[in-house]
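What follows is a set of notes on a single structure, which appears directly below.
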Amino acid sequence: FQEKEYVGFATLPNQLHRKSVKKGFDFTLMVAGESGLGKSTLVNSLFLTDLHKDRKLLNAEERIHQTVEITKHTVDIEEKGVKLKLTIVDTPGFGDAVNNTQCWRPVTDYIDQQFEQYFRDESGLNRKNIQDNRVHCCLYFIPPFGHGLRPVDIEFMKALQDKVNVVPLIAKADCLTPVEIKKLKDRLREEIDKYGIKIYQFPNCDSDEDEEFKQQDRELKESSPFAVIGSNTVVEARGQRVRGRLYPWGIVEVENPKHCDFVKLRTMLVRTHMHDMKDVTGDCHYEIIIGSKTIYLYIDTFVQPLTLRFKLSPILFLSLPISTYFCFVSSIFPNQMSLQAI
């Protein structure tokens, strides 16, 4: 008997890589914030594309009567043979009204609708080519003018914190000096902690990660919330063509780490944490939302008639995995049928 030195399961990562590249990837990014903060410009700068070629800018009178609407733009991007189906969800009209009461409801309703649609597709017979339109990340733009979070900022992020990965950004950072940016970041961190707002948390590095990656991870965590600048204009700077903004006193370069955190945001969003955001969406937000809807639906349909026989607390089940709900359903369902037969 001769022992084999090589079985072949070491090629499993290569098999997964080929399958993933062939299938392609999808990512849904939501941008939210009041008009004029450079949301569309930043997205174009991040992915080197133009998603709003035919966009019409509303005048003041039209904005007064505008309500919060959800617009979706999908573009297929390919880089070095890797295909990405990028969906940008915009929220025009958010925060522009005089009365912004419940202005986040269309946004939360849209996110819930995508969860429900994915659940229906996942529960169907044909699950081979399910299209994932769940929102994986929400970039929330905070105005640079002011001294911290406004009430609408607090309410919006708290309304979304259990539904999507919220990443707060300081918009139009070229309006502030480096000292002002630091003070605003410190203030935002304090208020986010004070009001109990749950934003996207960077996962901790594994112990076997190299020091360069650990250092990069520390810098990303220390820089949050990112102060960003976007530009659709290419200018000449130091003999090179770069994306930037031309001012009488000089040029602000979008991809210059000394000028803003654009590169750090792109690194986090695309190169290091995109897959983690998708995992958090599927394992945490999706499970909680669908789980809560499932248990309440079951309570209304089957458990309500049995409340005289035993007490059931829905709150208890909301903290359990969704698999527990289905085990509960399968165990109680036969009892319900037998009682109905009696």
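Note that UniProt numbering gives residue 150 to position 150 of the sequence shown, counting from 1, and the numbers run on in steps of one.
The C-beta atom is built at its ideal place from N, Cα and C for all residues, glycine as well.
Being a predicted model, the structure only gives us computed values, none of them experimental.
Pick from the options: whose alpha carbon is nearest that of residue i?
| i | options | result |
| --- | --- | --- |
| residue 22 | 29, 14, 102 | 14 |
| residue 46 | 215, 117, 263, 288 | 263 |
| residue 217 | 271, 190, 181, 168 | 271 |
| residue 176 | 153, 143, 194, 158 | 143 |
| residue 280 | 18, 37, 229, 163 | 163 |
| residue 291 | 150, 119, 194 | 119 |
| residue 204 | 133, 19, 214, 248 | 214 |
| residue 237 | 251, 74, 126 | 251 |
| residue 195 | 182, 230, 159 | 159 |
| residue 85 | 94, 72, 91 | 72 |
| residue 267 | 37, 148, 219, 146 | 219 |
| residue 131 | 26, 282, 7 | 26 |
| residue 282 | 181, 133, 74 | 133 |
| residue 92 | 249, 35, 128 | 35 |
| residue 198 | 127, 161, 106 | 161 |
| residue 48 | 246, 242, 248, 247 | 242 |
| residue 350 | 74, 145, 178 | Within the shown structure, residues of the chain are numbered from 1 to 342, placing residue 350 beyond reach of any answer. |
| residue 182 | 16, 211, 246, 147 | 147 |
According to the Cβ coordinates, are residue i and residue j closer than 7 Å?
| i | j | result |
| --- | --- | --- |
| residue 254 | residue 244 | yes |
| residue 232 | residue 87 | no |
| residue 274 | residue 165 | no |
| residue 32 | residue 103 | no |
| residue 24 | residue 83 | yes |
| residue 261 | residue 226 | yes |
| residue 28 | residue 135 | yes |
| residue 235 | residue 173 | no |
| residue 289 | residue 115 | yes |
| residue 89 | residue 157 | no |
| residue 149 | residue 191 | yes |
| residue 171 | residue 37 | yes |
| residue 110 | residue 70 | yes |
Opposite residue i in the DSSP bridges: which residues?
| i | result |
| --- | --- |
| residue 75 | 86 |
| residue 176 | Beta-bridge pairing links residue 176 to no other residue. |
| residue 170 | 142, 227 |
| residue 251 | 246 |
| residue 31 | 90, 139 |
| residue 26 | 85 |
Rounded to the nearest angstrom, what separates residue i and residue j at their Cα positions?
| i | j | result |
| --- | --- | --- |
| residue 113 | residue 140 | 20 Å |
| residue 108 | residue 286 | 13 Å |
| residue 221 | residue 269 | 13 Å |
| residue 224 | residue 122 | 35 Å |
| residue 169 | residue 188 | 10 Å |
| residue 202 | residue 208 | 17 Å |
| residue 200 | residue 76 | 26 Å |
| residue 20 | residue 10 | 17 Å |
| residue 151 | residue 284 | 27 Å |
| residue 94 | residue 153 | 11 Å |
| residue 155 | residue 18 | 43 Å |
| residue 44 | residue 184 | 25 Å |
| residue 256 | residue 230 | 12 Å |
| residue 12 | residue 145 | 52 Å |
| residue 105 | residue 16 | 39 Å |
| residue 129 | residue 39 | 31 Å |
| residue 101 | residue 74 | 30 Å |
| residue 50 | residue 246 | 20 Å |
| residue 249 | residue 180 | 19 Å |
| residue 193 | residue 8 | 50 Å |
What I want to know is whether the C-beta of residue i ends up closer than 6 Å to one or more non-hydrogen atoms of the ligand MN.
| i | result |
| --- | --- |
| residue 18 | Summarising the ligand content, the structure contains no ligands, and the ligand MN is consequently not present. |
Measuring only between beta-carbons, confirm whether residue i sits less than 7 Å from chain C.
| i | result |
| --- | --- |
| residue 237 | Protein chain content of the structure displayed is limited to a single chain, and chain C is not contained in it. |
#### Entry: Every unbroken alpha helix (DSSP H) within the segment 117 to 152, with a cutoff of 4 residues, ordered by chain
Within the segment 117 to 152, no run of alpha helix (DSSP H) at least 4 residues long lies entirely inside it.
### Query
Unbroken beta strand (DSSP E) runs of length 3 or more, entirely within the segment 188 to 242: which are they?
Every beta strand (DSSP E) stretch that sits fully inside the segment 188 to 242 and reaches 3 residues is listed by chain position as 234 to 237.
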